[in-house]
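One structure is given below, encoded as structure tokens.
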Amino acid sequence: MASWDMFRELDNLRREVDEAFRGAGLGQPLGSTFLAPITTRRFPLVNFSEDNGNLYVDALVPGVDPKNIELTVVRNSITIAGERKAFEEQEMELVHRRELGSGRFSRTLELPVDVNPDKISAKCKDGIIQISLGKAEHAIPRKIEIVPANR
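Take a look at the structure:
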């Protein structure tokens, strides 16, 4: 079980604020970036889980060519970065909603334990990247047998 780390939480808050302001001034109205729900600001959306020996990250990247995605693992964090190409837009008189974003993206997740860099694999199927990260030996929980003491 991971313990609460105030500095990690502050760093996560800083990242969220940075993400909120990153889109401002890049041709997008401030309201659609800053006031949008968190789920629409963060890309890619992820599921993050673990078992005794591995961490698993499933990242939703629809419409992104896997060749345009870069995975980086440094210490206890993984970064998923890449680029979503712009959609071909039709000439319309009035656009009611435009939510399909394009451009560069990057998302960093803090990992609760150290991972073994030789036990990392990733595959992409149907717009979902499935990443498996093997835990470092020292991070895998071990059951310790208690032996009765001789008196």
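Numbering (this note's numbering) for the sequence shown: 173 to 323. Heads up, the beta-carbon is just placed ideally off N, CA and C, and yes, glycines get one too. Model, not experiment: these values are computed from the prediction.
Quick check on residue i: does DSSP put it in helix, strand or coil?
i    : result
R186 : helix
E260 : coil
A120 : Absent from the model: residue 120. The displayed extent of the chain is 173 to 323, so no value can be given.
P238 : helix
R180 : helix
What residue range does the beta strand (DSSP E) around residue i cover?
i    : result
V245 : 241-246
V218 : 217-222
V229 : 226-232
R256 : 249-256
Answer yes or no: do residue i and residue j have a C-beta to C-beta separation smaller than 7 Å?
i    : j    : result
I252 : L243 : yes
V189 : P216 : no
G254 : V236 : yes
I303 : A294 : yes
S278 : A258 : no
Only counting the same chain, and skipping five residues up and downstream in sequence, which positions put a Cβ closer than 6 Å to that of residue i?
i    : result
L305 : L227, V287, I292
N240 : G254, E255
Between residue i and the rest of its own chain, which residues show a CB-CB distance below 7 Å, the 5 nearest in sequence each way excluded?
i    : result
N224 : I312, P313
Among the residues of its own chain, which have a CB less than 8 Å from the CB of residue i, if the five just before and after it don't count?
i    : result
E248 : The question names Glu, yet the displayed sequence has Asn at residue 248. If we look at N248 and ignore the five residues flanking it on each side, its Cβ neighbours are E282, L283, P284, V285, D286, V287.
Q) Which residue spans inside the stretch 262-309 form an unbroken alpha helix (DSSP H) run of at least 4? A) Taking only runs of at least 4 residues, no alpha helix (DSSP H) segment lies wholly in the stretch 262-309.
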